[in-house]
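Novice: Sharing a structure with you now.
In this note's numbering, the protein residues as written are 317 to 938.
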């Protein structure tokens, strides 16, 4: 025992237990504290009965002997933290040279089990930068899986385990399939068996029994779990193709047979299977439906999701049915029945940029109209796909491609529909309108409520534009969105429910719902027209040399000598108690254009009354 420690024991300053613990905490020993982490013993101070420790975050920290003996854990010289303290570069080199041995060493120091979070905290940032460690760990996990001694969990909070004997992964996967009770668990085991086929020595003896069990499971669950069984059969076919001397059996279930049996629910069925299995399933369409296979593929394009559309289109093109596909897309575009998924595939930048694309002549302003119709249909669908919406917003070249070579009137019509649609936020809509104008500058007038006469080239007013405050414009837009998203759908449901009661001639509920439909339709038209010609403003920097929109005007009645103040704001602004009036009112129209000192006749209930303008100031919102 250290002589100084022995003296302290003999003097009764330290107990035997504390002394034994301090003996392990000699100068230079690496330690770890549960709160302060890694440190190194600097010295013992027997005058004050304390140890001085250089913690990473608290160098020179002093602790009483008793507390140090209870709270500090000494580390062996070969412990990973001690080795990092001696030289992080050397530890990194060891980890890179033999990742498996390095990981096994750390596990051995932690009773052959450690969570990934704990493992990471040991090495980051002491030995590795976070990005460097992530790359090293991703590569190391692959080696650990091949080694067989390590059990790697899927969750970071579960422990990594080291086994004394290596276990064959292929044997694990075969056993997992035999133990699986659910079809989804069988699928998971089969996918792992497929990946480890090369590790299995005797395919007929080890894998053929699995295929027999698979067949039995698929037949048993076919009616209730059709999509999962379709995936099972697809995996079986892949294993048979890649394996050695394996057979599915003459009476085995086949993909074509399942597709033929489920043709009424074909789209929904194929949507449920994993993306990696869609291509193989679609490849069975020809055998399942003979000459009608292309018609089935076109239905999938009409109704399916993005992945189903892309794979079905690829299949049709590979089998020289491109013209059928082009004609079907053209017909759906013209009828506005084309789906968002099909439009996303057709307008994808990769497809558009192909010089040999058979679909380039479909890119036309009418596609924009079809897009808006598809998005408006989808907005009531809880599971709607936003890919088309995002494509329109983010692909800066899409609009120019659609408008290239189009007639002005066709583009004008597409632009009108964009102005009226509720599917884009105001900022995004303005961005899209700007792309229209960059291709056709003459359409800028349409945004402000004017148009250019195509025959004379003269600019004539189509409909007077409205100057409105941003607040009033937002209220109109909110009313419009509520109308589109809530009131009109509710009215449609009311009509359907009332119609289900029969005898429409005597059905009061049906008549009331239809009358409400007409009222909502008129209000929708009014709002669309108003919003289209409205121009929002904050009334900043008005012309105060004369009465104008955005000014505060004080007038004096010539007869009564009483003063009155008017705030002349937007077309939809009105609050008589505060003196706010619309510039469209008779009072505002009489005042606008006049200067201070001018005499103006204002309309009143008893006729006209003369007033004098006393002051004109810029309006400021309170």
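Glycine included, each C-beta is placed from N, C-alpha and C at the ideal position. Bear in mind the structure is a predicted one, so any value in this text is a computation, not a measurement.
On a Cα-Cα basis, can you pick out the residue from 923, 624 and 751 that is closest to residue 593?
Specialist: Nearest of 923, 624 and 751 to residue 593, Cα basis: 624.
Novice: Quick test of the definition: if touching needs 3 or more C-beta pairs under 8 Å, does the region 635-649 touch the region 664-673?
Specialist: Verdict: no, contact absent.
Novice: Please work out which residues of its chain come closer than 6 Å, Cβ to Cβ, to residue 729, disregarding the five sequence neighbours upstream and downstream, and give them in chain order.
Specialist: Closer than 6 Å at the Cβ level, and outside the excluded window around residue 729, lies no residue.
Novice: In terms of residues, what are the limits of the beta strand (DSSP E) holding residue 933?
Specialist: Element bounds for residue 933: 923-934.
Novice: Just grab the DSSP bridge partners of residue 360 for me.
Specialist: According to DSSP, residue 360 bridges with 367.
Novice: Output the distance between the C-alpha atoms of residue 437 and residue 496, rounded to the nearest integer angstrom.
Specialist: Near 36 Å, if we compare the C-alpha coordinates of residue 496 and residue 437.
Novice: When you compare each of 506, 335, 902 and 365 to residue 550 by their alpha carbons, which one comes out closest?
Specialist: For residue 550, the nearest C-alpha among the options comes from 506.
Novice: Residues in its own chain within less than 8 Å of residue 547 by CB, not counting five upstream and five downstream?
Specialist: Excluding positions up to five away in sequence, the list reads 503, 589, 590 and 593.
Novice: For residue 917, which of helix, strand or coil comes out of DSSP?
Specialist: It is a strand residue.
Novice: On the premise that residue 385 lies in contact with residue 391, defined as a C-beta separation below 8 Å, what is that separation, rounded to the nearest angstrom?
Specialist: Between residue 385 and residue 391 the Cβ distance is about 16 Å, and since that is not below 8 Å, they are no contact.
Novice: Would you please state the rounded distance, in angstroms, between the beta carbons of residue 598 and residue 622? I believe it to be under 8 Å.
Specialist: About 14 Å; that fails the 8 Å criterion.
Novice: Skipping 5 residues on each side, what residues in its chain have a beta carbon closer than 7 Å to that of residue 864?
Specialist: Closer than 7 Å at the Cβ level, and outside the excluded window around residue 864, lie 858 and 908.
Novice: Between 734, 757 and 899, which lies nearest to residue 1009 when the distance is taken from Cα to Cα?
Specialist: The chain is shown from 317 up to 938; residue 1009 falls before or after that span and cannot be answered.
Novice: Between the Cα of residue 685 and those of 648, 712 and 576, spot the shortest distance and give me the residue it belongs to.
Specialist: Ranking 648, 712 and 576 by Cα distance to residue 685 puts 648 first.
Novice: Among all the DSSP beta bridges, which residues are the ones paired with residue 872?
Specialist: According to DSSP, residue 872 bridges with 879 and 928.
Novice: Do three or more CB pairs link the region 370-385 to the region 415-429 at distances below 8 Å?
Specialist: The region 370-385 is not in contact with the region 415-429.
Novice: For residue 432, which residues from the same chain have a beta carbon less than 7 Å from its beta carbon, with the 5 sequence-adjacent residues on both sides left out?
Specialist: Contacts found: 472 and 476.
Novice: Is it buried or exposed for residue 509, if we count other Cβ within 10 angstroms and need 16 for buried?
Specialist: Classification for residue 509: buried.
Novice: Please return the same chain residues whose Cβ sits closer than 7 Å to the Cβ of residue 366, not counting the five positions on each side in sequence.
Specialist: So the qualifying residues of the chain are 378, 379, 380 and 381.
Novice: Count the other C-beta atoms from every protein chain shown that fall within 10 angstroms of the C-beta of residue 317, then say buried if there are 16 or more, exposed otherwise.
Specialist: When all chains shown are included, residue 317 counts as exposed.
Novice: Please say whether residue 918 and residue 870 have beta carbons closer to each other than 8 Å?
Specialist: Not in contact: residue 870 and residue 918 (Cβ atoms no closer than 8 Å).
Novice: Using DSSP with H/G/I as helix, E/B as strand and the rest coil, what is residue 380?
Specialist: It is a strand residue.
Novice: Going by beta-carbon coordinates alone, are residue 836 and residue 811 separated by less than 8 Å?
Specialist: No, the Cβ-Cβ distance between residue 836 and residue 811 is not below 8 Å.
Novice: Name the DSSP bridge partner or partners of residue 850?
Specialist: Paired residues: 782.
Novice: If you drop the 5 nearest sequence neighbours on each side, which residues of the same chain put their C-beta closer than 8 Å to that of residue 912?
Specialist: For residue 912, where only same-chain residues beyond five positions count, the Cβ hits under 8 Å are 929, 930, 931 and 932.
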